[in-house]
Structures are given as C-alpha cells and as structure tokens.
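If you're matching positions, the sequence shown starts at 1 in my numbering and goes up one per residue. Here a beta-carbon is modelled for each residue, glycine too, at the ideal position from N, C-alpha and C. Note that the structure is a prediction, hence the values are computed from the model and not measured.
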Amino acid sequence: MNLFQQAVFYTTVNHLRDLPAESAVEVAFAGRSNAGKSSAINTLANRTRLAFVSKTPGRTQHINYFSLGHNRFLVDLPGYGYAKVPGAIKDHWRELLAQYLAQRAQLAGLILIMDSRHPMTELDRQMLEWFLPTGKPVHCLLTKSDKLNRSDSIAALRFVQKELATLSPLYTAQLFSSPKRLGMDEVGEVFARWLGISANDGHKKAPVKGE
C-alpha cells in the first residue's frame with residue numbers, strides 16, 4: 001500500500017505543549033495559503049477530505065497530525081501569508097510555526113508547497129532561509145503544474161531548482177498536479193526516505209531517536 005494512503009487523522013494541536021510525545025518521526029507539509037497544500041495531501045492519500053480544502057485561504061489554523069502507524073506522522077502546518085486573517089491569529093500562527101520548525105526534534109524534513117505559476121515568493125524565500133539553520137531537508141512541490149504548458153512548467157522547475165541550489169544541497173523540487181496526479185511517486189519516495197522506510201513498506205519499524 002502507498003504509505004500516504006495509511007494516513008488517518010490523529011490530533012489537532014494549537015500549542016507546543018500538546019505535540020504528541022509518542023511521535024518517533026514526522027514529516028511536515030507547509031506552504032503559502034491557497035498554494036494547494038490540502039489538495040496535495042488529499043491526492044497523495046487518495047482521499048477527498050483527509051485535509052480540509054477551503055476556498056477561503058488561511059482555513060487551517062492549527063497543526064494537524066495524521067498517523068501513518070508505528071509512531072510515524074504526517075503533519076499539516078497552518079498556511080502562511082494570508083493578509084485577511086485577524087492579527088492575533090496570524091501572530092499565533094507565526095509563533096507556533098517558528099517554534100515547531102526550529103525545535104521539533106522528531107521533524108525529519110519539510111515538504112514546502114508552492115504554486116508553480118508563482119514560485120519562490122518573498123514568503124517562500126523567508127521560510128527556506130529561516131529553516132536553513134536546522135540542517136534538515138526541504139522538498140518543494142510545485143503544484144498546479146497542469147495549469148502551465150510543458151515548456152513553462154519545466155522553466156518554472158529549473159528556476160526553482162537554481163534558486164534552491166544557492167541555499168542548500170538539501171533543498172530539492174519537483175512538479176506536481178493534484179488533478180493529473182502528476183509527481184506522486186517522486187514525492188512518495190522522498191517522504192518514505194525521510195521516514196526511514198521503503199515507499200511501499202508500511203510495516204517496517206520507524207527509526208527511534210538515539211538508535
């Protein structure tokens with residue numbers, strides 16, 4: 001079975017003190033609001049509403065955990081950069097994201113969602129540069145690539161790859177399309193590798209900190 005398809009909702013977290021202590025390893029999904037993060041998660045998991053998809057950007061207001069079994073987790077982070085969110089909520093998101101990304105020892109890597117038509121926004125760059133000191137990898141999904149013709153999508157990918165190369169050799173990118181289910185195998189391999197298991201093996205024990 002595809003590893004993503006084992007995902008089931010586990011818990012919602014609004015404060016760092018509530019992060020699951022039982023987690024051995026986790027991979028987080030982040031991205032600018034309305035970049036297609038929830039749609040990507042749903043497509044990868046082969047579900048329609050595993051992650052909530054809203055026409056109102058900024059709907060995801062908490063850290064949502066999805067269990068993959070054996071103390072492995074997919075983590076859906078709040079979208080960033082939506083101006084109409086009330087200031088107090090926006091400040092809380094920013095603090096929650098910053099502390100989670102900087103301090104969560106179980107976090108193996110970050111999958112960053114970018115709209116392929118508007119990649120490497122100022123906020124995306126800030127996220128990449130801010131995450132750099134953690135020494136952990138980032139894999140960028142350039143979503144909505146079906147809305148570009150082939151030459152434009154390839155150009156967008158090459159542009160992002162070039163920009164990422166100036167930041168870290170651990171930063172990679174690929175094209176992705178939820179409607180066309182494009183790029184699923186590639187991100188699946190990255191996701192499984194970060195969790196320390198085979199992409200199609202949902203039963204191998206997750207790596208435990210200190211082993």
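Item to check | N-terminal and C-terminal residue of the alpha helix (DSSP H) that residue 126 is part of | outcome: Residue mapping note: residue 126 aligns to position 126 of the sequence shown, counting from 1. Taken as a continuous stretch (DSSP letters only), the alpha helix (DSSP H) holding residue 126 covers 122-131.
Checklist entry - Looking at residue 153 and residue 176, is the spacing between their C-beta atoms short of 8 Å? => result In the sequence shown, residue 176 corresponds to position 176, counting from 1. In the sequence shown, residue 153 corresponds to position 153, counting from 1. Contact: no.
Checklist entry - For the candidate residues 162, 32, 97 and 79, whose alpha-carbon lies nearest to that of residue 121? => result Translated into positions along the sequence shown, residue 121 becomes position 121. Checking every option, the nearest Cα to that of residue 121 belongs to 32.
Next on the checklist: Going by DSSP, what residue range makes up the beta strand (DSSP E) through residue 64?
Outcome noted: For this step, residue 64 is matched to residue 64 along the sequence shown. Its beta strand (DSSP E) spans residues 63-69.
Checklist entry - From residue 179 to residue 24, what distance separates their C-alpha atoms? => result Locating residue 179 in the sequence shown gives position 179, where the first residue counts as 1. Locating residue 24 in the sequence shown gives position 24, where the first residue counts as 1. Roughly 32 Å separates the two Cα atoms.
Next on the checklist: For residue 11 and residue 29, I'd like the C-alpha separation in whole angstroms.
Outcome noted: The sequence position of residue 11 within the sequence shown is 11, counting from 1. The sequence position of residue 29 within the sequence shown is 29, counting from 1. Residue 11 and residue 29: Cα-Cα distance of roughly 15 Å.
Checklist entry - Do you know offhand how far residue 19's Cα is from residue 183's? => result Taking the sequence shown and counting its residues from 1, the one referred to as residue 19 is at position 19. Taking the sequence shown and counting its residues from 1, the one referred to as residue 183 is at position 183. Taking the straight line from one Cα to the other gives about 30 Å.
Checklist entry - Below 8 Å between beta carbons: does that hold for residue 109 and residue 70? => result As a working mapping, residue 109 is identified with position 109 in the sequence shown. As a working mapping, residue 70 is identified with position 70 in the sequence shown. No, the Cβ-Cβ distance between residue 109 and residue 70 is not below 8 Å.
Checklist entry - What did DSSP end up calling residue 106 once you bin it into helix, strand or coil? => result Taking the sequence shown and counting its residues from 1, the one referred to as residue 106 is at position 106. Note: residue 106 maps to coil in three-state DSSP.
Item to check | Complete runs of the beta strand (DSSP E) confined to the stretch 131-198 [at least 3 residues] | outcome: 138-143 and 171-175
Checklist entry - Which of helix, strand or coil does DSSP assign to residue 22? => result Residue 22 sits at position 22 when you count from the first residue of the sequence shown. In the structure shown, residue 22 sits in coil (DSSP, three-state: anything other than H, G, I, E or B).
Next on the checklist: Closest to residue 116 by C-alpha separation, out of 131, 134 and 150, would be which residue?
Outcome noted: Translated into positions along the sequence shown, residue 116 becomes position 116. Considering only alpha carbons, the answer is 150.
Checklist entry - Are the beta-carbon atoms belonging to residue 187 and residue 141 less than 8 Å from one another? => result Here the question's residue 187 lines up with position 187 in the sequence shown. Here the question's residue 141 lines up with position 141 in the sequence shown. Contact: yes.
Item to check | Reference residue 197; option with closest CA among 73, 17 and 65 | outcome: Taking the first residue of the sequence shown as position 1, residue 197 is located at position 197. Ranking 73, 17 and 65 by Cα distance to residue 197 puts 73 first.
Checklist entry - Count the other CB atoms within 10 Å of the CB of residue 21; is the residue buried (16 or more) or exposed (fewer)? => result Here residue 21 refers to the residue found at position 21 of the sequence shown. By the 10 Å Cβ count, residue 21 comes out exposed.
Item to check | Assumed close pair residue 4, residue 40 - CB separation to whole angstroms, cut-off 8 Å | outcome: In the sequence shown, counting from the first residue as 1, residue 4 sits at position 4. In the sequence shown, counting from the first residue as 1, residue 40 sits at position 40. Not confirmed; about 10 Å, so no contact.
Next on the checklist: Is residue 186 near the ligand GDP - that is, is its Cβ less than 7 Å away from at least one heavy atom of it?
Outcome noted: Annotation note on the ligand GDP: not contained in the displayed structure, which lists no ligands.
Checklist entry - What do you reckon, are the CB atoms on residue 127 and residue 112 nearer than 8 Å? => result Walking along the sequence shown from the start, residue 127 turns up at place 127. Walking along the sequence shown from the start, residue 112 turns up at place 112. Yes. Within cutoff.
Checklist entry - Skipping 5 residues on each side, what residues in its chain have a beta carbon closer than 6 Å to that of residue 124? => result The count along the sequence shown starts at 1 and reaches residue 124 at position 124. If we look at residue 124 and ignore the five residues flanking it on each side, its Cβ neighbours are 114.
Checklist entry - Among 17, 105, 35 and 172, which residue has its Cα nearest to the Cα of residue 143? => result As a position in the sequence shown, residue 143 is number 143, starting the count at 1. Taking only the C-alpha atoms, the option nearest residue 143 is 35.
Next on the checklist: Could you tell me the alpha carbon to alpha carbon distance between residue 168 and residue 174, rounded to whole angstroms?
Outcome noted: If you number the sequence shown from 1, residue 168 lands on position 168. If you number the sequence shown from 1, residue 174 lands on position 174. Approximately 16 Å, taken between the alpha carbons.
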